[in-house]
Amino acid sequence: MIDVKLLRETPDVFYENCRMRGFGKDELDRFFELDSTWRENLKAINDLKREKNEITRSIASAVKSGSSVNDQKTRVNEINGKIREHEERQGNVEKERERVLSLIPNLIHKDVVEGKGDDQNRFMRFWGNAQVHREDQEEFNLRTEGKGKFTSIGSRPISHVDLEESLGLVDVERAGKISGARFFYIKGRLMKLELALINYAIDFFSERAFTPVEPPYMMRYDPMSKATDIETFKESLYKIEGEDLYLISTSEHPIAAMLSDEILMPEELPIRVAGFSPCFRREAGAHGKDTKGIFRVHQFNKVEQFIFCKPEDSWDFLEELINNAEAIIQSLGLSYRVIDFCSGELSRLNARKYDLEVWFPAQGKFREVISASNNTDFQARSLNIRYRTKEGNRFIATLNSTGIAVQRILVAIMENFQSEDGKEIRIPEALIPYTGFDRITTP
RNA sequence: GCGGGGAUGGCCCAGUGGUACGGCGGCAGCCUGCUAAGCUGUUUCUCUAUGAGAGCGAGGGUUCGAAUCCCUCUCCCCGCGCCA
């Protein structure tokens, strides 16, 4: 949620912000209209309540001295009727005002490039030495602005979809039989590799001052709606029938909501959390995309970085998050590029977002594996997470970033670490202490 | 699932129908020959702000008036049952 006082004081800033994001100005117009009605009504209600309180107090003393209070009681009943009328109207106005307010997006950082569509996301840097098939070189150079280092390969690696089947590592067919499309059984050494990856990531972030946390996998409507936005509700979330519970689509949400309605001491900040959980996503808007294999699925595991901090520190922590993300991907030996999202591609909550995209040589594409966002005080305001300052209580800032999106990294390893004959997959050096084996071979 | 007890400001705690007591902590100031002690004030949210309104787990109800009485819900504690 945005700051209403700031919105009233500097409406132009918010109109410009909406324009840059490609949002309409209807919500802003509507908000100002509703807000002035709301404030007028509030004044009327408060005036009536003041009168009521005065009379009520006079009744209290009259009762003590034994004098009659019938007239005052009648008057209060009249006032109560008026208050009820006003409050009924105010209730409707307030509900609509809150709804419209929740649609107004966060203010973006001044360095975010104006644009719409992912073509206008800004390329920042490349790391690694990618295996690039001859036919993909144009795509590779375009996506790295010619700054990407690569080794040309003559034949394209086997797609993870075929490889996981031929090596007997994933069974999507039987998963389809019992759960439907976009589910999977992960088997054998790939399953052990998955656990290794999770343990590795938890250790990696623990060493960087993150506290590992496993959150609840289900949340109620109220905290969920405060931790995320309406788009996530529509497109991502599974609801539990007959209960006020939703399966989480990322550990970001229960971790953010963990400190809701709390006031923190400044010395407690920053709080770094490494969340681990399965993530459940309906993928409602993704028909036809990545329909095979385990790249885009309804259920996957993820280690997440989350930081609660003072607002003035949040931009430094966004860099920390992307640095950590790069360090862990580098340690796995995967080539990637980092991009800075343009204004039109940011979610309502984001003030700025970086994505890390790994090169997938079989697909011949960079694909998103990590997304690091600064939500400034937007999410914390909805969740009511504050910290104490000399000037009073202020909202903190929240940031989140993928640590390891486990299934996607498994796909990246399968595409980047397979032998030429497609009969085995090497295990990245850093993971061998966790797997206890150095390759996955034909069954 | 059943029975009993509970939820009060950042924290602890009092309060059985008349508008929230006290302590701790934080902040500001005063005093003091100075890492201490003492004294005073302050401490949440909202509004068109020298003022007013709201706020005692959440939402309803009764009443001129509710932290207090009634109903529904959530969570915590104790006991019983069930259980990986």
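Count along the first sequence from 1, add 5, and you get the number used in our numbering.
Where a beta carbon is used, it is the ideal one built from N, C-alpha and C, also for glycine.
The structure displayed is predicted, hence computed values, not measured ones.
Taking a contact to mean a Cβ-Cβ separation below 7 Å, would you say residue i touches residue j in this structure?
i: Ile183; j: Gly427; result: no
i: Val278; j: Ile253; result: no
i: Ser378; j: Met25; result: no
i: Phe400; j: Ala410; result: no
i: Tyr392; j: Pro271; result: yes
i: Tyr341; j: Val308; result: no
i: Leu172; j: Lys192; result: no
i: His91; j: Arg357; result: no
i: Asn111; j: Leu354; result: yes
i: Ser387; j: Lys231; result: yes
i: Arg287; j: Asp249; result: no
i: Arg148; j: Phe371; result: yes
i: Pro283; j: Ala262; result: no
i: Asp141; j: Gly369; result: yes
How big is the Cα-Cα spacing for residue i and residue j?
i: Val416; j: Phe300; result: 7 Å
i: Val9; j: Leu39; result: 12 Å
i: Gly159; j: Ser336; result: 26 Å
i: Met196; j: Val374; result: 19 Å
i: Ala186; j: Gln304; result: 11 Å
i: Glu59; j: Ile88; result: 15 Å
i: Asp360; j: Ala330; result: 10 Å
i: Val471; j: Gly298; result: The shown model of the chain, from 6 to 448, leaves out residue 471, and the question about it has no answer.
i: Glu425; j: Pro221; result: 43 Å
i: Glu93; j: Glu178; result: 55 Å
i: Ile333; j: Thr255; result: 19 Å
i: Ile50; j: Ala67; result: 26 Å
i: Ser63; j: Lys78; result: 11 Å
i: Ala291; j: Glu240; result: 9 Å
i: Phe28; j: Ser352; result: 11 Å
i: Ile245; j: Phe285; result: 12 Å
i: Asn306; j: Pro448; result: 25 Å
i: Pro16; j: Leu33; result: 8 Å
i: Val302; j: Gly293; result: 12 Å
i: Phe188; j: Thr407; result: 21 Å
i: Asp76; j: Arg55; result: 18 Å
i: Gly122; j: Asp116; result: 17 Å
i: Phe131; j: Ser376; result: 16 Å
i: Glu257; j: Gly397; result: 27 Å
i: Arg194; j: Arg161; result: 24 Å
i: Glu434; j: Leu200; result: 15 Å
i: Glu236; j: Ala289; result: 11 Å
i: Ala206; j: Lys100; result: 43 Å
i: Lys395; j: Ser265; result: 21 Å
i: Ala180; j: Gly96; result: 48 Å
i: Glu169; j: Glu420; result: 10 Å
Apart from the five residues just before and just after residue i, which ones in its own chain have a Cβ nearer than 8 Å to its Cβ?
i: Phe36; result: Leu12, Arg102, Val105, Leu106, Ile109
i: Leu198; result: Leu415, Ile418, Ile432, Leu436, Thr440, Ile445
i: Ser211; result: Pro217, Ala279
i: Leu269; result: Ile276, Phe313, Ile390, Arg391, Tyr392, Arg393, Ile401
i: Ile203; result: Phe281, Asn306, Val308, Ile409, Val411
i: Asp234; result: Ser107, Ser352, Arg353, Leu354
Going along the chain, which residues of its own chain have a beta-carbon closer than 7 Å to the beta-carbon of residue i, five neighbours each way excluded?
i: Phe322; result: Pro275, Ile312, Cys314, Leu404
i: Val98; result: Leu39, Thr42, Trp43, Asn46
i: Ser319; result: Asn379, Thr381, Ala402, Leu404
i: Phe215; result: Arg277, Val278, Ala279, Gln310
i: Asp31; result: none
i: Tyr20; result: Lys30, Leu33
Below 8 Å on the Cβ atoms is my contact criterion, and I expect residue i with residue j to pass it. Report the Cβ-Cβ distance as a whole number of Å.
i: Arg431; j: Phe422; result: 4 Å
i: Ile344; j: Arg127; result: 6 Å
i: Lys48; j: Ile84; result: With 8 Å as the limit, Lys48 and Ile84 do not qualify as a contact, their Cβ atoms being about 15 Å apart.
i: Gly151; j: Leu339; result: So it is not a contact: roughly 21 Å between Cβ atoms.
i: Asn251; j: Met223; result: The residue you asked about is not Asn; residue 251 is Tyr in the sequence shown. Confirmed, Cβ separation roughly 6 Å.
i: Thr61; j: Val74; result: About 10 Å separates the two Cβ atoms, so there is no contact after all.
i: Met6; j: Phe383; result: 7 Å
Report all residues from its chain with a CB closer than 6 Å to the CB of residue i; omit the five preceding and five following residues, and keep chain order.
i: Gln136; result: Thr156, Ile158, Pro366
i: Phe281; result: Glu219, Val308
i: Glu119; result: Met25, Ser348
i: Lys154; result: Asn134
i: Leu53; result: Ile84, Lys87, Ile88
At 4 residues or longer, and completely inside the stretch 226-262: list those alpha helix (DSSP H) runs for me, N to C.
226-232, 235-240
Within the stretch 256-295, ranges of the alpha helix (DSSP H) (whole runs, at least 4 residues)
257-263
Which runs of the alpha helix (DSSP H) spanning at least 4 residues fall entirely within the stretch 36-88, listed in chain order?
DSSP runs (the alpha helix (DSSP H)) wholly in the stretch 36-88: none.
What residue ranges within the stretch 286-362 form continuous alpha helix (DSSP H) runs of no fewer than 4 residues, ordered along the chain?
319-336
Enumerated in chain order, which unbroken segments of the beta strand (DSSP E) with a length of 3 residues or greater are wholly contained in the stretch 112-152?
127-132, 135-138
Which full runs of the beta strand (DSSP E) of 3+ residues lie inside the stretch 156-193, going along the chain?
none
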